[in-house]
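What follows is a short report on a single structure.
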Amino acid sequence: MLLHLSTWSEVEGFLARSKTVVVPIGSNEQHGPTGLLGTDWLCPEIIAHEAQKSGDILVAPTFNIGMAQHHLGFPGTISLRPSTFIAAIGDWCRSLSAHGFEKIYFLNGHGGNVATIEAAFSELYAEASFAGKPRGFACKLKNWWELKGVLALANSQFPTGHGSHATPSEIAVTQWAYPDAIKTADYAPKIAPTGPIREAMDFRARYPDGRMGSDPAQATPEKGGELVRMAAIGLLEDVAAFSAETAPA
Ligand code: NI
Numbered sequence: 003m004l005l006h007l008s009t010w011s012e013v014e015g016f017l018a019r020s021k022t023v024v025v026p027i028g029s030n031e032q033h034g035p036t037g038l039l040g041t042d043w044l045c046p047e048i049i050a051h052e053a054q055k056s057g058d059i060l061v062a063p064t065f066n067i068g069m070a071q072h073h074l075g076f077p078g079t080i081s082l083r084p085s086t087f088i089a090a091i092g093d094w095c096r097s098l099s100a101h102g103f104e105k106i107y108f109l110n111g112h113g114g115n116v117a118t119i120e121a122a123f124s125e126l127y128a129e130a131s132f133a134g135k136p137r138g139f140a141c142k143l144k145n146w147w148e149l150k151g152v153l154a155l156a157n158s159q160f161p162t163g164h165g166s167h168a169t170p171s172e173i174a175v176t177q178w179a180y181p182d183a184i185k186t187a188d189y190a191p192k193i194a195p196t197g198p199i200r201e202a203m204d205f206r207a208r209y210p211d212g213r214m215g216s217d218p219a220q221a222t223p224e225k226g227g228e229l230v231r232m233a234a235i236g237l238l239e240d241v242a243a244f245s246a247e248t249a250p251a
């Protein structure tokens, strides 16, 4: 069930049978010469939307702008600074919890978001802790590539040149969902360099075409479809386990 295609009364009905909501979260940032700018929010959205076709989960609108300051040297990147991102995640969670959601599951598509999302959770919990009250809801962060079986599948599909940014696995997922938007390029070097992540000018100097350690030419829509199907099954299992968690009495 997709929240943005539902009515308030349908969401009220869903709350009668589940208190869990799934929020795809990512980033709008450059992904090398062939990766779509939306790659990091499209991947969790594609997986969550696929999963809700066969499982009774509620998927919120995609939180599609994240912490991508290091990619701002490339046109099309849009970033929140960490403090803004923390504030926005907090308001999403407070909104959803006000309606009765007790488990808020973020399916993430951008490694650069992780530290800030975890900090946002800590801010939310701290409000309750300092007030000496129960929070009333729990948050969970899961990167889509950490869903059961996905990393092993990606490693078997791409034993070399997977890298860490503009990876063939994430690009394959978008190719499967948006075959009309597949791009090609002659990559030089074939496998991109690796190194640290700092500010945007430093990033562009180290990684001139935007890739990190990857050879995206290995991506195919078929491999993307395999990843999406594996991830969708893993997501339903992981959300069910999170939903079944009980708070101590
Ligand atoms: Ni990415």
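In terms of the numbering used here, the sequence shown opens at residue 3 and continues consecutively.
We put the beta carbon where it would ideally sit given N, CA and C, even for glycine.
Span of the alpha helix (DSSP H), counted from its first residue to its last, around Phe-16: Per DSSP, the continuous alpha helix (DSSP H) segment holding Phe-16 begins and ends at 10–17.
In three-state terms, what does DSSP make of Thr-64? In the three-state DSSP reduction, Thr-64 falls in the coil class, being neither helix nor strand.
Taking only heavy atoms of the ligand GTP into account, decide whether any of them is closer than 7 Å to the Cβ of His-167. Because the ligand GTP does not appear in the structure shown, any question about it cannot be addressed here, the ligands present being the ligand NI.
Sorted by chain position, which residues of the same chain lie with C-beta nearer than 8 Å to Ala-121's C-beta, five sequence neighbours on each side aside? Leaving aside the five residues that flank Ala-121 on each side, the residues in its chain whose CB is nearer than 8 Å to its CB run, in chain order, Pro-84, Ile-88.
Top-ranked residue by Cα proximity to Glu-228, from Glu-52, Met-203, Leu-98: Considering only alpha carbons, the answer is Glu-52.
Taking C-beta to C-beta, are Ala-62 and Ser-29 nearer than 8 Å? No, the Cβ-Cβ distance between Ala-62 and Ser-29 is not below 8 Å.
Check: Asp-42 C-beta below 7 Å from any heavy atom of the ligand NI: Asp-42 has its CB nearer than 7 Å to a heavy atom of the ligand NI.
Counting Cβ pairs, one atom from each stretch, are 3 or more of them under 8 Å apart for the region 215–232 and the region 125–135? The answer is no - the region 125–135 does not touch the region 215–232, with fewer than three Cβ pairs under 8 Å.
Does the separation of the CB atoms of Arg-208 and His-167 fall below 8 Å? In this structure, His-167 does not lie closer than 8 Å to Arg-208 by Cβ.
Sorted by chain position, which residues of the same chain lie with C-beta nearer than 6 Å to Ile-199's C-beta, five sequence neighbours on each side aside? For Ile-199, where only same-chain residues beyond five positions count, the Cβ hits under 6 Å are His-72.
Restricting to runs no shorter than 4 residues, where is the alpha helix (DSSP H) found entirely within the region 172–217? Here the runs fully enclosed are 202–208.
Between which two residues does the beta strand (DSSP E) containing Ala-140 stretch? Taken as a continuous stretch (DSSP letters only), the beta strand (DSSP E) holding Ala-140 covers 140–145.
List the DSSP bridge partners of Leu-1. Past the edges of the chain, shown from 3 to 251, lies residue 1, and the structure says nothing about it.
Output the distance between the C-alpha atoms of Val-175 and Leu-38, rounded to the nearest integer angstrom. CA-CA distance, Val-175 to Leu-38, rounds to 11 Å.
Closest by C-alpha distance to Met-3, when choosing among Leu-238, Ala-243, Phe-244: When only C-alpha atoms are compared, the closest one is Leu-238.
Report buried or exposed for Leu-7, applying the criterion of at least 16 other Cβ atoms within 10 angstroms of its Cβ. Leu-7 should be labelled exposed.
Have a look at Ala-140 and His-101 and give me their C-alpha separation to the nearest angstrom. Ala-140 and His-101: Cα-Cα distance of roughly 14 Å.
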